Ligand SMILES: *Cc1c(COP(=O)(O)O)cnc(C)c1O
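In our numbering, the protein residues as written are 18 to 709.
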């Protein structure tokens, strides 16, 4: 999707390599754009081989070429249509040229410079010319393609029509596709030196074949961009520029009419949304407030208006590494190339086996078998079914109910719903349909206070009275998530585990929200040092990229389920999806390599510091922080729509519900962004936006 800023349209010009003619193309297109009435400009964010003082005179300066293409057009020249933002003397790759002058280029810095330039340049159409090919490095980590991806402007790809040119062109198209960039046109220019003539080789026929093959390949990839052939002219005088510009007039017209991705386009999307789709926990006839978004990167979500929101939700606990992490994307693309999916009945594959081994190694000792499911709710269904089948295998036919604390949340499918909080959950809606489970008091023991033993009284009573009919106790360890963001004392779990064991009930930990470091331990079970019989994980399992969940159980549970020749009766179509498994493997790598523990500790510190002041604000009942979770509990349900508007206006993404304004930012969030999130919460509460 193209991007409109300052009321104009931006396009990137990328080459398949150096010296393919992209500067001449950019300059000629600049002229063509002026011919079709656009106030166009061209900008070179990084110019190497040219000192700043020589940017108008050096034969290596691209800015000089742009200006020469419109030198006879007074209205174009009057608008200062060309600029170079960073010049370096060394004629080399940007990372080397900058380093020579003790400077460092960054993607964010270049994007900011481009936006600032555009704010003053007043161009309707801005052409941004890269440096060399797409993968030319800017620094140790980022390259030119990252700048184009961050700007998200459509790309005009220029390549040489020569031997090998097709190869570079197709590889560049792959890179643009993987970056999610739209190709606005593909431009072929013959090289200065036509392919050295071997006897019997018809060079013009060969170059014509390049064009034909490229057309076929573009069609096969579904790229609808026009293919433009431009001649290479020996001498670039005004008549040569005019000749090239004439050839580019149709393209220029095309670009000027490009559908802008802007607030208006976002508004149209909302209207289409309202007539055809449904949102979570929402009405179809009184539809909810929606913010259209187009891209993500790092800890940012980009709206259709081009606003960047600091993410404070990790997309419901999932995107712990932020978005588009290069390692996760590489795993996704690599696995997509090998095998996106196969059925798991009768077949197996390395991504699933390796992930199962690694999950078990990271879980509490004693869990030895993994069942993959496709969402958290299904993982909970699987856990409940495992417990029932396990009790059947033990010959305990009367154990077919579950005991769970109030205030829990375990998903939206029927089995999972039956163990959600009976008041805030959907029990009243489905009375008589939901299985009748047993409920005990929510653990009243705060995480941050000494443990009161009486908080287990109700659990003890229920297990005594109903022990014989209970298949398992299911609960979220330490943190009750969607049911109230409540943090309770780990000692509760230690004693509960002993009581369950005595009562012959299995213990199921639902770690779908708490898993993978969020509470400050890799799994929240570690706070208590308890190994449950069954453990569910999901949400952050793939770092927020794809849907995948897993249910683990002990060897004893697995054996009891499968006693007497029985099998476990579950098998989702997309079980152990290889794409999701491969990304989950990469996510585990990144958690370890990037030091999740230190990052979550830093989040905890930032959230503590940033939210403390909320405790004294109007309508606030409690403030609590654990690991990467910060919660402000209010006295009355908050006005979620007013807060949504307020937060988006403030450049942050938070989604409060009921009496909870809560934050769980991606682990990669820098300290200043944690503070920006907290400041938005403080200001909203201070202004009483939640009580509107
Ligand atoms: C989100 C959640 C679920 C449900 O997972 P889905 O992937 O949404 O089906 C179950 N249990 C807990 C604790 C959760 O937070």
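Glycine included, C-beta positions come from ideal geometry on N, C-alpha and C. These figures come from a predicted structure and were not determined experimentally.
| Check | Outcome |
| --- | --- |
| Same chain, Cβ closer than 6 Å to residue 21, five either side skipped, listed in chain order | The predicted model places residue 21 with a pLDDT of 48, which falls under 50 and marks its position as unreliable, so this point remains unresolved. |
| Between the CA atoms of residue 500 and residue 238 - distance to the nearest angstrom | 46 Å |
| Closest Cα partner of residue 56 within the set 99, 204 and 453 | 99 |
| Helix, strand or coil at residue 16 according to DSSP, with G and I counted as helix | Nothing can be reported for residue 16: it is not among the residues displayed for the chain, which extend from 18 to 709. |
| Validate contact between the stretch 615-634 and the stretch 383-398 using beta carbons, cut 8 Å, 3 pairs | no |
| Collapsed DSSP secondary structure at residue 221 in the structure displayed | helix |
| Own chain residues within Cβ distance below 7 Å of residue 65, not counting five before or after | 105, 107, 108, 109, 111, 114 and 148 |
| Cα-Cα separation, residue 67 to residue 704 | 53 Å |
| Same chain, Cβ closer than 7 Å to residue 472, five either side skipped, listed in chain order | 460, 461, 462 and 509 |
| Beta strand (DSSP E) runs contained entirely in the stretch 635-681, provided each spans 3 or more residues | 637-643, 646-651 and 677-680 |
| Beta-carbon spacing of residue 436, residue 449 below 8 Å | no |
| Residue interval of the alpha helix (DSSP H) (run including residue 578) | 572-578 |
| Residue 129, DSSP secondary structure in three states | helix |
| Cα-Cα separation between residue 478 and residue 434, rounded to whole angstroms | 24 Å |
| Whole-Å CB distance - residue 565 paired with residue 389, under 8 Å assumed | 7 Å |
| DSSP state of residue 314 mapped onto helix, strand, coil | strand |
| Three-way DSSP call (helix, strand, coil) for residue 74 in this model | coil |
| Cβ pair residue 419, residue 377 closer than 8 Å | no |
| Ranges of the beta strand (DSSP E) found wholly within the stretch 248-326, counting only runs of at least 3 | 310-314 and 317-320 |
| Limits of the unbroken beta strand (DSSP E) element including residue 527 | 523-527 |
| 8 Å Cβ cutoff met for residue 28 and residue 171 | yes |
| For residue 27, the three-state DSSP class (helix, strand or coil) | strand |
| Bounding residues of the beta strand (DSSP E) (the contiguous stretch that carries residue 558) | Looking at the DSSP string, residue 558 is not in any beta strand (DSSP E), and its letter there is neither H nor E. |
| Pair within 8 Å by beta-carbon distance, residue 321 and residue 309 | yes |
| Continuous beta strand (DSSP E) assignments of at least 3 residues falling wholly in the stretch 77-150 | 99-105 and 142-150 |
| Per DSSP, cross-strand counterpart(s) of residue 504 | 496 |
| Cross-strand partners of residue 456 (DSSP beta bridge) | 421 |
| C-beta atoms of residue 513 and residue 476 nearer than 8 Å | yes |
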